[in-house]
Amino acid sequence: MARPSGLMVPSACHRVDGHDSKDSILTGHERIVRNPAGPAPVRRPNSVRRTSTIDTGWPGGFGQPVVMVGRARDVLTGPDGGPPKILAEDSFRIGATARREILDISVEPHRPSIDVLVGARGGGHLRALLAEVMPEERVNGSPLYLLLDDFSGASLVAGWIWSQWVNDWQELAQQSGARSTAGRGGVMTDICAGFEQGSTALMPDGSSNRSQNSAEVPSLVNPDDPEGWHNLFDHAPVSMRRARRIDVWRDGGDVRIEVGFQDSGINPKGGRTAIHEYLVHAVARGADLVLAEITVDPRILPYRECPNAAPNADKMVGLRLADFRKSVLETLPGPLGCTHLNDVLRSMAEVPHLAAHLPH
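If you read the sequence shown in UniProt numbering, its first letter stands for residue 1, the second for the next number, and so on.
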């Protein structure tokens, strides 16, 4: 395929330190992880599953405005397994500029307040605006709220997939005068554990190192449980996807949680390559569903320092899941956290709503 025309900002490479994917390389106190989690597990009896995806495409080519298709679904699986019962389903279509400004937006089912988001730009301001104009979605923990809250992170990372397609991205970026929207005007120092001062992820000017780890990944859909995901969408030929899965079930008096998270895109060979992937296992207890246990399993991350954030998730133990949208940002700021792991943890704020559907 000929090189697509246009522009992107971030980049990555397929190999680090001369090793292929699907391994874990120990490097002192840090490690480069390439261990794809594979398909989602078969749905458990008496469980609730939320799946969500945001797929980004560039109909006008490289560097042009994007189209983002978001889909999310909550399902209940009965005591005998079998087909899932749909509890809720939402979707959006967003057109946005390369600077992550919303040009147009539609949602299904329609919400009257959605047009207020036109003109907003991905980031903290958009999330504050969401809380202001769609408070009922946040209070109800709707799938739509997760999708809209996730626009900021998904739009930030989406351009990375072009690094798999375009070799001279840096020269093209300089020619166009484009600037990164990541970090503080492109300066990444101390925004997260991976970019802590002194990290190998940083260039001398504070920008990100272009040599990033990634790995080819299989489909998230389990052939033994094809109904375990909602209908997935792919732009052609180049597409980036942020995917989430949240499984919730009861174990005696405990509520158990498994969260899967992946940022991946279509590569030139027609497969998928991921730049971020996490699995999180957690236990919540009590009427208020307070976090009692948590284990973070990094599967694919771009830099050797990125896994340093995982142990800090223990700082969330003792806090109510319902407050996680706010408390994660307060508890794991800057180098204590990982931007993407924080997004994983924040999504657990809706677990109480999902758990309410479980039989006692």
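Just so you know, even glycine gets a beta-carbon here, dropped at the ideal spot from N, CA and C.
As the structure is a computational prediction, the values presented were derived from the model and not from experiment.
For tyrosine 278, DSSP records a beta bridge to Phe261 and Pro298.
DSSP places tryptophan 160 within a helical segment (H, G or I) once states are collapsed to three. Spatial neighbours of proline 302 in its own chain (CB-CB distance under 6 Å, excluding positions within 5 residues in sequence) are listed in chain order as Gln212, Asn213 and Ile275. In terms of Cα proximity to leucine 147, the closest of Asp90, Pro335 and Trp229 is Asp90. Alanine 96 is a Cβ neighbour of valine 66, given a cutoff of 7 Å. For aspartate 247, the number of other beta carbons within 10 angstroms of its own is at least 16, and it is reported as buried. Counting only runs of 4+ residues, no alpha helix (DSSP H) is found wholly inside the stretch 199–242.
Bounds of any alpha helix (DSSP H) do not take in glycine 334, whose DSSP letter is neither H nor E. Within the same chain, and ignoring the five residues on either side of leucine 117 in sequence, the residues whose Cβ sits closer than 6 Å to its Cβ are Ile102 and Ile105. In this structure, the alpha-carbon of alanine 310 lies about 31 Å from that of tryptophan 165. Three or more beta-carbon pairs drawn from the stretch 39–51 and the stretch 70–82 are found closer than 8 Å, and the two stretches are therefore classed as touching.
Rounded to whole angstroms, the separation of the alpha carbons of serine 207 and alanine 282 is 34 Å.
For phenylalanine 195, the three-state secondary structure derived from DSSP is helix. Within 10 angstroms of the beta-carbon of aspartate 55 lie 16 or more other beta-carbons, which makes it buried. In the three-state DSSP reduction, threonine 189 falls in the coil class, being neither helix nor strand.
With fewer than three CB-CB distances shorter than 8 Å, the stretch 239–256 does not count as touching the stretch 130–143. Look at the beta carbons and you see the stretch 326–346 not touching the stretch 221–228: under three pairs across the two are nearer than 8 Å. When DSSP states are grouped into helix, strand and coil, leucine 291 belongs to the strand group. Distances from the alpha-carbon of glycine 252 to those of Ile32, His235, Ile114 and His360 put His360 closest.
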